[in-house]
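Using the working numbering, you'd call the opening residue of the sequence shown number 21 and step up by one each time.
Cβ atoms here follow ideal geometry from the backbone N, Cα and C, with glycine treated the same way.
Worksheet for the structure shown next.
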Amino acid sequence: MKKQELGGRRHFLLSMARGLGLSAMGALVWSAYIDEIKASPLVLRPPGALDEDEFIKSCIKCGLCVEACPYDTLFLAAPGDNKPIGTPFFTPRDVPCYMCEDIPCVPVCPTGSLVEDYVKTDGEFDIKKIDIGKAVVDTSSCIAYWGIQCDACYRACPLLDEAIKLEYSSNERTGKHAFLKPIVDMEVCTGCGLCERACITDKPAIYVLPNEIALGKAGSHYIKGWDKDDEKRLKGAKNEVKTTDLSSKSVLDSLNDDGDLY
Ligand code: SF4
Ligand code: SF4
Ligand code: SF4
Numbered sequence: 021m022k023k024q025e026l027g028g029r030r031h032f033l034l035s036m037a038r039g040l041g042l043s044a045m046g047a048l049v050w051s052a053y054i055d056e057i058k059a060s061p062l063v064l065r066p067p068g069a070l071d072e073d074e075f076i077k078s079c080i081k082c083g084l085c086v087e088a089c090p091y092d093t094l095f096l097a098a099p100g101d102n103k104p105i106g107t108p109f110f111t112p113r114d115v116p117c118y119m120c121e122d123i124p125c126v127p128v129c130p131t132g133s134l135v136e137d138y139v140k141t142d143g144e145f146d147i148k149k150i151d152i153g154k155a156v157v158d159t160s161s162c163i164a165y166w167g168i169q170c171d172a173c174y175r176a177c178p179l180l181d182e183a184i185k186l187e188y189s190s191n192e193r194t195g196k197h198a199f200l201k202p203i204v205d206m207e208v209c210t211g212c213g214l215c216e217r218a219c220i221t222d223k224p225a226i227y228v229l230p231n232e233i234a235l236g237k238a239g240s241h242y243i244k245g246w247d248k249d250d251e252k253r254l255k256g257a258k259n260e261v262k263t264t265d266l267s268s269k270s271v272l273d274s275l276n277d278d279g280d281l282y
């Protein structure tokens with residue numbers, strides 16, 4: 021629901037209630053309820069949103085974030101959108117988030133459902149910190165993975181050569197061509213969806229999923245030894261570190277041991 025429509029929403033609902041009568045209104049509310057309980061987990065929220073469960077509880081559906089967006093990216097879910105009704109979302113294939121430097125959709129939120137601190141560094145808005153979701157590539161339909169030259173998503177990405185990189189490899193099928201395959205860096209991708217919008221295939225071969233769906237979880241007992249910040253966790257866990265006697269166990273047993281630190 022766009023800004024020009026927001027002001028008329030109440031008037032529209034009142035007129036409709038008068039016109040349809042209470043029974044029809046009841047049917048509308050019921051269908052809205054059904055729509056809400058079947059809400060899709062694939063919803064993409066505005067930048068800085070709380071975790072989905074908290075967001076649903078705290079968003080009052082005022083539409084101020086929608087009004088603040090200069091690109092008309094955001095909509096309030098209507099019956100039939102298969103999303104919790106009245107909550108803001110966007111569909112990157114239609115209109116992506118253009119990653120405004122001042123992120124105007126966030127500070128207008130009166131309920132803290134969009135959290136300024138999530139999108140700030142040292143007290144300043146930092147658009148690179150937005151974390152709406154992650155772009156994933158369907159390698160079976162991305163034509164770059166077939167060996168056909170295409171870098172539409174790579175060029176569209178505002179974090180050029182950071183969030184998407186092109187991986188070069190030779191095409192052994194032809195023996196004389198190369199693959200330039202787009203690879204998304206999950207730690208850099210903001211989920212803006214400009215790549216999804218730009219993808220040239222009929223149905224996008226690169227698309228943004230919410231973090232809960234796109235990302236796995238390694239488990240806290242795995243430590244990246246090459247990452248100084250991650251390695252700090254070892255200090256706190258020192259007393260819990262178990263050693264593994266590889267000589268008396270199979271390698272598979274050792275790998276499957278929960279709680280071991282490698
Ligand atoms: S960052 Fe800009 S383009 Fe993206 S949703 Fe917010 S206001 Fe709209
Ligand atoms: S401004 Fe905040 S409370 Fe209002 S619709 Fe947007 S997220 Fe919900
Ligand atoms: S969603 Fe796509 S365009 Fe946006 S940062 Fe991630 S890879 Fe780049």
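By a C-beta neighbour count over all protein chains shown, 10 Å radius and 16 as the cutoff for buried, is residue i buried or exposed?
i: Y91; result: exposed
i: I184; result: buried
i: L254; result: exposed
i: L96; result: buried
i: T159; result: exposed
i: Y242; result: exposed
i: S189; result: exposed
i: I123; result: buried
i: S133; result: buried
i: L94; result: buried
i: T15; result: With the chain covering 21 to 282 only, the question about residue 15 has no answer from this structure.
i: A69; result: buried
i: K154; result: buried
i: A176; result: buried
I need the DSSP call for residue i, collapsed to helix, strand or coil.
i: F145; result: strand
i: V139; result: helix
i: L214; result: helix
i: N191; result: strand
i: K185; result: strand
i: K196; result: coil
i: L134; result: strand
i: V204; result: strand
i: T111; result: coil
i: A69; result: strand
i: L96; result: strand
i: C173; result: helix
i: I76; result: helix
i: E87; result: helix
i: Y118; result: coil
i: I163; result: helix
Considering only residues of the same chain and omitting the five flanking positions on each side of residue i, which have a CB-CB separation below 8 Å?
i: R113; result: G213, E216, R217, P224, Y227
i: E251; result: I243, K244, G245
Which same chain residues, not among the five before or five after residue i, have their C-beta less than 6 Å away from its C-beta?
i: E161; result: Per the sequence presented here, residue 161 reads as Ser, with Glu not at that position. Excluding sequence neighbours, S161 sits near T221, A225.
i: K201; result: A164, Y165, E187
i: V63; result: K103, F109
i: N79; result: The residue you asked about is not Asn; residue 79 is Cys in the sequence shown. These residues qualify, in order along the chain: T107, S133.
i: I150; result: P67, V139, T210
Once you ignore the five residues that flank residue i on each side, which residues in its own chain have a CB closer than 7 Å to its CB?
i: C219; result: A172, C173, A225, I226
i: L40; result: Residue placement at L40 is poorly supported in this model, since its pLDDT is 43, which falls under 50; the coordinates still yield a value, given next. So the list is empty, once near-sequence residues are dropped.
i: H197; result: G167, N191
i: D146; result: V139, K140
i: F75; result: R65, A69, S133
i: V128; result: L84, C85, A88
i: K81; result: L96, G106, T107
According to DSSP, which residues form a beta bridge with residue i?
i: L180; result: I184
i: K154; result: L229
Which runs of the alpha helix (DSSP H) fall wholly inside the segment 222-258 and span at least 4 residues, in chain order? Under the rule that a run must span 4 or more residues, the alpha helix (DSSP H) segments found entirely inside the segment 222-258 read 231-234, 248-257.
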